[in-house]
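What follows is a single structure, written as structure tokens, with notes after it.
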Amino acid sequence: MIFVTGGAGFIGANFVLDWLVENDEPVVNIDKLTYAGNLESLASLQGDKRHIFVQGDIGDADLITRLLEKYQPRAVINFAAESHVDRSIHGPEAFVQTNVVGTFHLLEAVRAYWNELEGDSKADFRLLHVSTDEVYGSLAKDDPAFSETSRYEPNSPYSASKAASDHLVRSYHHTYGLPVLTTNCSNNYGPYHFPEKLIPLIIVNALAGKSLPIYGDGQQIRDWLYVKDHCSAIRRVLAAGTTGETYNIGGWNEKPNIDIVNTVCALLDELRPRTDNQSYTGQITFVTDRLGHDRRYAIDARKIERELGWKPAETFATGIRKTVQWYLDNHEWTANVQSGAYRDWMETNYQN
Ligand code: NAD
Ligand code: TYD
């Protein structure tokens with residue numbers, strides 16, 4: 001039995017789906033179902049006894065304590081977070097609440113549970129905290145990529161709150177000996193991605209005939225990783241990582257935003273041409289830049305390859321084609337997100 005928090009979000013849902021394909025070990029999925037939580041992403045697990053969904057907050061230590069005692073998991077993987085930089089600029093408080101205070105309460109509940117474990121259960125227990133490359137701040141064009149020893153220099157309320165959570169996790173290992181692992185990953189893309197983030201937003205807006213907003217000059221660089229590769233990396237770190245260590249996860253795939261948008265447009269031109277046969281690139285609009293916009297992120301993922309033998313299976317070309325095709329094939333999922341109908345999914349469809 002493992003616990004996954006935030007398993008109705010983009011990466012968490014992909015993780016739960018892949019986990020139950022890879023093995024039969026049940027998952028207790030604890031998610032608050034904020035606007036970013038979408039049980040429709042887990043629709044294929046309806047009736048699957050290996051998936052136990054609990055609507056709840058990682059900051060609710062009593063709930064987490066009760067669940068830990070009831071299910072006795074061997075591991076907890078913490079995906080739960082507020083994750084969107086733009087939202088953190090407009091309303092940072094929820095980021096501090098969930099990412100900092102919530103993680104703190106989760107750590108306290110897990111520490112108390114772990115303290116009571118004995119023998120192999122205690123020795124084998126793991127808490128894996130899922131974090132981001134954004135904690136390292138922004139790189140200049142020729143700077144080396146972020147390694148596990150790069151200094152934390154978070155620039156947005158989102159990255160600052162994630163940095164704070166990473167520090168708390170680290171301190172629980174150093175101070176109490178809690179067996180923790182931390183992963184810092186670059187930008188993910190793939191199925192079930194909420195269309196407020198760049199890639200799904202571009203796909204959805206393009207198909208709806210809307211403008212494709214590019215912040216500033218579009219030359220900001222991100223490293224992009226297909227979400228299923230992130231999930232396989234997490235499984236690998238959980239299985240073989242050394243507790244107390246952090247692992248950077250990346251796709252070796254740095255690209256400026258404008259290139260990403262042009263690639264998505266070219267794929268849509270091929271797979272779902274506009275009725276007027278013009279390119280979707282005609283919908284690109286340069287808009288006011290994000291406040292404090294980080295210029296470049298890049299991940300040095302050599303440690304996880306060297307020590308744990310992990311590297312991404314997808315290239316950007318294969319991953320982005322699968323992603324665009326997924327959005328074309330799953331119009332209903334996107335339509336329900338846009339109409340808000342996904343928020344009724346629990347009441348109407350979910351019987352867990
Ligand atoms: P997401 O916003 O899609 O999903 C977050 C999930 O957490 C949602 O289902 C939401 O309902 C849930 N949640 C929020 N607050 C909660 C709370 N207090 N208690 C319980 N559940 C709560 O995010 P994502 O993109 O899937 O990211 C998952 C994790 O991975 C985050 O910790 C994020 O910082 C990290 N990460 C994301 C990326 C990326 O590119 N998306 C890259 C690196 C790391
Ligand atoms: P985003 O997907 O929000 O991820 P993050 O900010 O965590 O990297 O944004 C990715 C990049 O795309 C980032 O540099 C901001 C930019 N961006 C746009 O240019 N236009 C948009 O509409 C969005 C949402 C993002």
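Sequential numbering of the sequence shown, starting at 1, is according to the UniProt record's numbering.
Glycine residues also receive a C-beta, built at the ideal position from the N, C-alpha and C atoms.
The three-state reading of DSSP puts TRP252 in coil, since its state is none of H, G, I, E or B. If you look at ILE221, you'll find it in the beta strand (DSSP E) that goes 221 to 226. For the beta strand (DSSP E) assignment, the uninterrupted runs of no fewer than 3 residues enclosed by the segment 175 to 209 are, from N- to C-terminal side, 180 to 185 and 187 to 189. Counting along the chain, VAL135 sits inside no alpha helix (DSSP H), nor does DSSP assign it H or E at all. The three-state secondary structure of GLN97, taken from DSSP, is helix.
Of the residues assessed, GLN220 falls on the buried side of the cut-off, its CB having 16 or more other CB atoms within 10 angstroms.
In the structure shown, GLN55 falls within a strand segment according to DSSP collapsed to helix, strand and coil. At a cut-off of 7 Å, the beta-carbon of GLN338 does not count as near the ligand TYD: no heavy atom of the ligand is closer than that. Taken atom to atom, the span from the alpha-carbon of ASN205 to that of ASN188 is near 19 Å. Of the heavy atoms belonging to the ligand NAD, at least one sits nearer than 7 Å to the Cβ of ILE58.
Residue range 75 to 78 is occupied by the beta strand (DSSP E) that includes ALA75, with no alpha helix (DSSP H) assigned at that position. Around the Cβ of HIS51, a 10 Å sphere holds 16 or more other Cβ atoms; the residue is buried. Just measuring C-alpha positions, the residue of SER83, GLN46 and VAL28 sitting nearest ARG74 is VAL28.
Between the segment 171 to 179 and the segment 109 to 126 there are three or more C-beta pairs closer than 8 Å, enough to call the two in contact. Close CB contacts of MET346 within its chain, under the 8 Å cut and outside five residues either way in sequence, are with LEU33, LEU39 and GLN55 (chain order).
Cα atoms of GLY241 and LEU308: separation of roughly 7 Å, rounded to the nearest angstrom. Check the Cα spacing between GLY209 and each of TYR297, ASP269 and GLU148: the tightest is with ASP269. A direct Cα-to-Cα measurement between ASN99 and ARG296 gives close to 23 Å. In the same chain as ASN14, and ignoring 5 residues on each side of it, the C-beta atoms closer than 7 Å to its own belong to GLY190, PRO191, TYR192, VAL227, LYS228 and CYS231, in chain order.
Straight-line measurement puts the Cα of ASP294 at about 28 Å from the Cα of LEU207. Here the alpha carbon of GLY319 sits roughly 21 Å from the alpha carbon of ILE214. In the three-state reduction of the DSSP assignment, PHE316 falls in the helix class. For the pair PHE79 and ALA298, the CB atoms are not nearer than the 8 Å cut-off. A Cβ-Cβ separation of about 17 Å leaves PRO157 out of contact with PHE104 under the 8 Å criterion. Within the chosen limit of 7 Å, the ligand TYD does not reach the beta carbon of GLU153 with any heavy atom. About 17 Å separates the beta carbon of ASP24 from that of GLY7, a gap too long to meet the 8 Å contact definition. Rounded to the nearest whole angstrom, the CA to CA distance from LEU238 to LEU106 is 18 Å. At least one heavy atom of the ligand NAD lies less than 7 Å from the C-beta of SER83. In the DSSP assignment, PHE15 falls outside any beta strand (DSSP E) and lies within the alpha helix (DSSP H) extending over 10 to 22. For the 8 Å CB-CB criterion, TYR152 and ALA140 do not form a contact. Within the chosen limit of 7 Å, the ligand NAD does not reach the beta carbon of ASP344 with any heavy atom.
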